[in-house]
Every structure is written in structure tokens, then in C-alpha cells.
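Before any comments, here is the structure.
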Amino acid sequence: MTGPLAWWQKGIVYQIYPRSFQDTNRDGIGDLPGIQRRLDYLQSLHVEAIWLSPIYPSPMADFGYDVADYTGVDPIFGTMEDFDRLLAACHDRGLKLILDLVPNHTSDQHPWFLESRSSRDNPKRDWYIWRDPAPGSTPDNPIPPNNWLSFFGGPAWTYDEATGQFYLHQFLKEQPELNYRNPEVLAAMLDVMRFWLAKGVDGFRVDVIWLLMKDPEFRDEPPNPDWDGVDPHDSLRHIYTQNLPEVHDIIRQMRAVMDEFSQATGRERVMIGEIYLPIPELVTYYGKNLDECHLPFNFHLLDTPWEAQAVRRLADEYEAALPPGAWPNWVLGNHDRHRVASRLGQAQARVAQMLLLTLRGTPTCYYGDEIGMEDVPIPLKKMQDPRALNQPEIAHIVGRDPERTPMQWDDSPNAGFCDPDVEPWLPVAPDYRTRNVQVLSQDPTSMLSLFRALARLRQAEPALHGGRYRAVEAQEHPESVFAYLREGEGARFLVVLNFGGKSHTLNFGSVASSGRIEVATDMRHSGAVALDQLELQPNQGLLIRLGPA
Ligand code: NOJ
Numbered sequence: 000m001t002g003p004l005a006w007w008q009k010g011i012v013y014q015i016y017p018r019s020f021q022d023t024n025r026d027g028i029g030d031l032p033g034i035q036r037r038l039d040y041l042q043s044l045h046v047e048a049i050w051l052s053p054i055y056p057s058p059m060a061d062f063g064y065d066v067a068d069y070t071g072v073d074p075i076f077g078t079m080e081d082f083d084r085l086l087a088a089c090h091d092r093g094l095k096l097i098l099d100l101v102p103n104h105t106s107d108q109h110p111w112f113l114e115s116r117s118s119r120d121n122p123k124r125d126w127y128i129w130r131d132p133a134p135g136s137t138p139d140n141p142i143p144p145n146n147w148l149s150f151f152g153g154p155a156w157t158y159d160e161a162t163g164q165f166y167l168h169q170f171l172k173e174q175p176e177l178n179y180r181n182p183e184v185l186a187a188m189l190d191v192m193r194f195w196l197a198k199g200v201d202g203f204r205v206d207v208i209w210l211l212m213k214d215p216e217f218r219d220e221p222p223n224p225d226w227d228g229v230d231p232h233d234s235l236r237h238i239y240t241q242n243l244p245e246v247h248d249i250i251r252q253m254r255a256v257m258d259e260f261s262q263a264t265g266r267e268r269v270m271i272g273e274i275y276l277p278i279p280e281l282v283t284y285y286g287k288n289l290d291e292c293h294l295p296f297n298f299h300l301l302d303t304p305w306e307a308q309a310v311r312r313l314a315d316e317y318e319a320a321l322p323p324g325a326w327p328n329w330v331l332g333n334h335d336r337h338r339v340a341s342r343l344g345q346a347q348a349r350v351a352q353m354l355l356l357t358l359r360g361t362p363t364c365y366y367g368d369e370i371g372m373e374d375v376p377i378p379l380k381k382m383q384d385p386r387a388l389n390q391p392e393i394a395h396i397v398g399r400d401p402e403r404t405p406m407q408w409d410d411s412p413n414a415g416f417c418d419p420d421v422e423p424w425l426p427v428a429p430d431y432r433t434r435n436v437q438v439l440s441q442d443p444t445s446m447l448s449l450f451r452a453l454a455r456l457r458q459a460e461p462a463l464h465g466g467r468y469r470a471v472e473a474q475e476h477p478e479s480v481f482a483y484l485r486e487g488e489g490a491r492f493l494v495v496l497n498f499g500g501k502s503h504t505l506n507f508g509s510v511a512s513s514g515r516i517e518v519a520t521d522m523r524h525s526g527a528v529a530l531d532q533l534e535l536q537p538n539q540g541l542l543i544r545l546g547p548a
């Protein structure tokens, strides 16, 4: 990188799932005034930006990822005035606000789709992806045009009797997909971006950006020979519905709008793309001239086996694959994936937190992970996620309610998320009396105190938010220890992470003779250490400041 770092490079992004953060109007669902009420807390985490999952008017078939009006606010979350107040309050405190843009599909209640489905010759017919039934269909038995599948179970096509054609939806049938081969669609979406950018929002996280283009010939997708037999969507190789070369042109045009606003106002706006792809393909989404996503989300920590060498290989492979000038980023959790504390256990979740906040690149933290919130098993009667309800046989695997439960603020009934006499939209975790912001803030050894210590140091130290990364051999115990240096502006840090349950004595004498522990994941160790005989406790991570090289 040349020049000073931008805010989206230096700072932490904190994801809020608005339904689950803070209710203020007693409907058991979080809202914008609730987020505003918690800004002190967000500042105490030393985060730079908050990203809100969708807040737009929506029938909520997929909890806001089915947008019925791209330039409004759903009454469940508040009013446009509430939004304006929240944005101003964030900016007053120097916090950035990032919105979720959902361009791939609308709600089936969006006026564009209502028009599109009204007749075959409606001017908006071609805004969505309509196809005739496959040969061999009869009026009683229309056969989908090809074998494409929905992520949420069943075919990606729904038949519209009134006009005798199928429309495409890779998610719910309530989420018809827009047709980006029609230039009017992109023009309309760019206007949506302009609307929010003109209000002053600091960026977008763009939903399923790698899915925006589909095969113009609508060819069948081939079977996936590596399918594990669990999620039917994985039974095909999605070569005609994902990652098509033409998608990059669409993304460049979106990015150009962001850049226009950055340049005109002197305030950098960021575009973060949701992309689940292997690293070599993922990094193409920075764009050939770094003219696409500022940050193509790197989700690889979510799927890489939690082993020291696997994570090291991941970090090294990613660093090596980044195009010149491209800025890395890391994610440990989001509203679609099981919580990190449940995937790895509480002890390793601390190690993961240290990894996230000390690797090179922008970290994204999912609300509640900073207090070690765990997945909450949701009984069938209370399940809300359509992905689970549509596929009851694998609901416990693919259901996303467990990671979307109310934020745990204190030990009052409903954990301070909503009033004690109100029923929250999803049950509060059973451990809320002991695992909550209020209790953990008072405990200097808690996960929350660890998060704050790491975030504070990361913010203060250029070596940590902007310095170089270099893996270091942990010769004695490579199977369980991953160590690396962060160096820059005259400062050097050594991070040593124990992925296992055994203690080790390690020799890092070739790096430096001594150092000082700045943060230990257990929050019980500090002070000077000799590096040729470094004691590492089970499941412990150490962030060590080294003397000048
Ligand atoms: C990805 C979002 O993160 C997920 O929650 C949503 O269901 C799908 N995209 C469809 O918008």
C-alpha cells in the first residue's frame, strides 16, 4: 500500500443483525432506535464501522433479504427519520455506517415484480428471468426449464400459471431474481445506491454479488462428484449460476458509483462483496485494476479445519494470492453460519478472536461473538428461518436461527434485549444470566475484556492495523502452534497461537531474545518474557511486543 490507510482498512467492521440487537418499541424485534441507544457500547468496542443487515420494507420471508422497496425503512425497524438520526449519531461519534444492498433479487411483492408478472408484454417483464416450461410439459405438469436448484431447497424455478412461464429464484420463491442482462435493471440499482450514498452512508455490503449473472443459454449444471449427500444444493456444480465472467462488468459499474461519491465528498465509501469462492477466484473480485470490490469477503476461516497448519496455510495462500495493492480481510462469523464459540468451543473462540484481530486485513465481527455468544438450539415450534422450515430433515444443519438470537446485554429477563414482559422473536440463550455485556464488562478476564484489549491495541498500533505479516516457524510444535510477526513503523509484534489443549515451551530465540506480553487470551498473563523459552498454556494465544529489529 502506498499512502495513508483508509478507514475501511484500519478499522473493525461490526455486523448488526437489526432484528436481534435491541428492541425499543416492545414488539420483540430489534429496531433502529435500539441500535442508536447502544452506540456507547459499540464505541467501547473500538470498532470503526457498523454494517446493518437489511432494514428496507420487506414481507420478511427471508428477514429483509426480500426487499419490497429499496429506498425505504421497514416500520418494524423504524422510520426514515430514525435512520437519519442514527446515521447522524454515528457520524457525530466518528462511526461509519454500512448498509446491506440486495441487488440479486427483490421480494415477490416489489412493484417491479408485480408489474413483471402481470403479463408477458409488460415493459418490466424482462427485468426478471422468465423462461418457458421445458419440452414435454403439459398445462397440468409444467417442467422447470433446467435443473438449477435453490439454496433453500427444491428447484430454482417457480411456475406462474397466469402467464405460463417459470421465474428464477436461487433462494425462496418469494425472492425472484433480477435480470442484469437488461441494462435498465443495473441503472435502477445504481440509483438505489446513489439514494443512500447521497444521504451519507459509508458503504455497502453487497449480497451474493458473485451470483448476479447467469448462463444466457440456461444450461443444466453438472453433478458434483464430491457431494457429501447432506444439502441437496451442493449436489450440483454451480458453473452456470455463479461466478460468471460477465459479473465483473456489473461490479465495476457499481464501484464507479461508489468512487464518484468518494471523490465528490472527500469521504471514502466502501464496497464489500459477499462471495463464497476458493481464494484464486475470490481475489479476482478486487478487479483487474482494483476497480471492483474494496473488500471481497474472505470467508475461509469459516470452513478451514481449525488446525494450526491449515490456518497458517490459509493465511499464507491468501496473502500470496492478493493482487498488488489489494487489501485483505477476515471473517469469523455472520448471520448465515454457526457461531464461532459453538464451532470451536469457548477456549478456541478466544484464540480465534486473537487471530481475527491480529491478522493483516480488515476484521469483521458478528454481533455477540465479542461476548462468546453460542448457537441456541431452536425447537421446531419456534423456528423462523425459511431455510430450515423448507427443509425439515436437515433443519438442524442448515437452519440459521441459532446464530440470530437476541443480543445478551444484562441479566434481566430477556437479557435487556426487550422488556421482560415482551416475547422476543427468537428465544434468548439459556446462558444469558452469566454471559452478557454487563457481567462480562466487570470481569477483566472475560472474552469481552479480551476483545476490547485486542481492538484497542489494534487501533493504536500501526504495525497491527497496517503492518506486514510473516509466518514464523514454531519448530517444536507445528501441529498445534501457529505463530506470525506483524511489523511496521518501527514496531514489531509476535503472535503465538496454541490450537491445542497441551502446554508447550517454545523457542523463538531466532526472532528476538525477549519481549513483553501485551495481551494473553486468558487475560491472566502479561509482562516480560524470554523468547527462547516461551511458555504457552493450553488453548492460549499471546500477543507479544518485541524490541526493535
Ligand atoms: C446471503 C445472505 O447473507 C442470506 O442471509 C440470505 O438469505 C441470502 N443471501 C439471500 O439474500
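Quick note: the sequence shown, position 182, residue 181 per numbering that gives the first Met the number 0, numbers continuous.
Beta carbons are placed, not taken as given, at the ideal position from N, Cα and C, and that holds for glycine.
Rounded separation between residue i and residue j - CA only
i: H299; j: S117; result: 42 Å
i: S448; j: P295; result: 29 Å
i: D233; j: Y239; result: 14 Å
i: G367; j: P102; result: 27 Å
i: L281; j: D410; result: 42 Å
i: V414; j: S136; result: Reading off the sequence, residue 414 comes out as Ala, not Val. Each residue's Cα considered, the two are about 54 Å apart.
i: Y365; j: D120; result: 45 Å
i: L132; j: Q169; result: Strictly speaking, residue 132 in this sequence is Pro, with Leu absent from that position. Cα to Cα, P132 sits roughly 17 Å from Q169.
i: D125; j: S106; result: 16 Å
i: E517; j: Y284; result: 36 Å
i: D61; j: P110; result: 18 Å
i: L148; j: T404; result: 29 Å
i: L321; j: N328; result: 11 Å
i: G33; j: Q42; result: 15 Å
i: Q458; j: N223; result: 44 Å
i: N389; j: S525; result: 51 Å
i: P175; j: P391; result: 23 Å
i: S115; j: Y16; result: 31 Å
i: Q441; j: G500; result: 27 Å
i: N538; j: Y317; result: 25 Å
i: A519; j: L463; result: 16 Å
i: L31; j: R25; result: 13 Å
i: G540; j: R451; result: 15 Å
Residue i, buried or exposed, once every other Cβ within 10 Å from all chains shown has been counted against 16
i: V339; result: buried
i: R349; result: buried
i: K95; result: buried
i: M59; result: buried
i: I54; result: buried
i: D81; result: buried
i: H45; result: buried
i: V229; result: exposed
i: M509; result: The question names Met, but residue 509 in the sequence shown is Ser. Answer is exposed; the Cβ neighbour count stays below 16.
i: P549; result: The structure shown does not extend to residue 549, since the chain spans only 0 to 548, so no value can be given for it.
i: A155; result: buried
i: E245; result: exposed
Cβ-heavy atom distance, residue i to ligand 3, below 7 Å
i: Y64; result: Absent from the structure shown: ligand 3. Ligands present: ligand 1.
For residue j and residue i, believed in contact at Cβ under 8 Å, the rounded distance
i: F498; j: S479; result: 5 Å
i: I249; j: N178; result: In fact, because the Cβ distance is near 11 Å, the residues do not count as touching under 8 Å.
i: Q8; j: W50; result: No, Q8 and W50 are not in contact; Cβ-Cβ is about 15 Å, not under 8 Å.
i: H247; j: E291; result: 6 Å
i: M372; j: R311; result: That belief does not hold up - the Cβ atoms of M372 and R311 are roughly 27 Å apart, past 8 Å.
i: L86; j: G199; result: 6 Å
i: P477; j: A307; result: 7 Å
i: R336; j: I271; result: About 16 Å separates the two Cβ atoms, so there is no contact after all.
i: D400; j: I370; result: That belief does not hold up - the Cβ atoms of D400 and I370 are roughly 19 Å apart, past 8 Å.
Given residue i as reference, the closest of the options once Cα atoms are compared
i: A314; options: V207, L379, V471 and P412; result: V471
i: I97; options: M372, V12 and G63; result: V12
i: H237; options: G371, P221 and H247; result: P221
i: V421; options: L379, I28, D531 and G2; result: I28
i: G286; options: T264, M253 and A307; result: M253
i: L276; options: P412, E259, S261 and N297; result: N297
i: R218; options: F416, D68, L530 and P144; result: P144
i: N288; options: L301, A325 and N242; result: A325
i: G344; options: M192, M446 and A5; result: M446
i: R515; options: Q536, L542 and H395; result: L542
i: I274; options: L301, V256, G546 and F260; result: L301
i: M257; options: T162, T23, R193 and F151; result: R193
i: W195; options: Y69, I142 and K380; result: Y69
i: G487; options: T361, R469 and L354; result: R469
i: Q104; options: N140, I208, D531 and P362; result: In the sequence under discussion, the amino acid at residue 104 is His, which differs from the Gln named in the question. Among N140, I208, D531 and P362, the Cα nearest to that of H104 is on I208.
What are the start and end residues of each continuous alpha helix (DSSP H) run of 4 or more residues lying completely inside the stretch 412-495, in chain order? The stretch 412-495 contains these whole alpha helix (DSSP H) runs: 436-440, 446-459 and 461-465.
4 or more residues per run - each alpha helix (DSSP H) lying fully within the stretch 63-129: Correct list: 79-91 and 110-117.
Restricting to runs no shorter than 4 residues, where is the alpha helix (DSSP H) found entirely within the stretch 340-423? With a minimum length of 4 residues, the continuous alpha helix (DSSP H) runs that stay inside the stretch 340-423 are 345-357, 385-388 and 394-397.
I'd like the ranges of any beta strand (DSSP E) spanning at least 3 consecutive residues and lying wholly in the stretch 280-336. Listed in chain order, the complete beta strand (DSSP E) runs (minimum 3 residues) inside the stretch 280-336 are 328-330.
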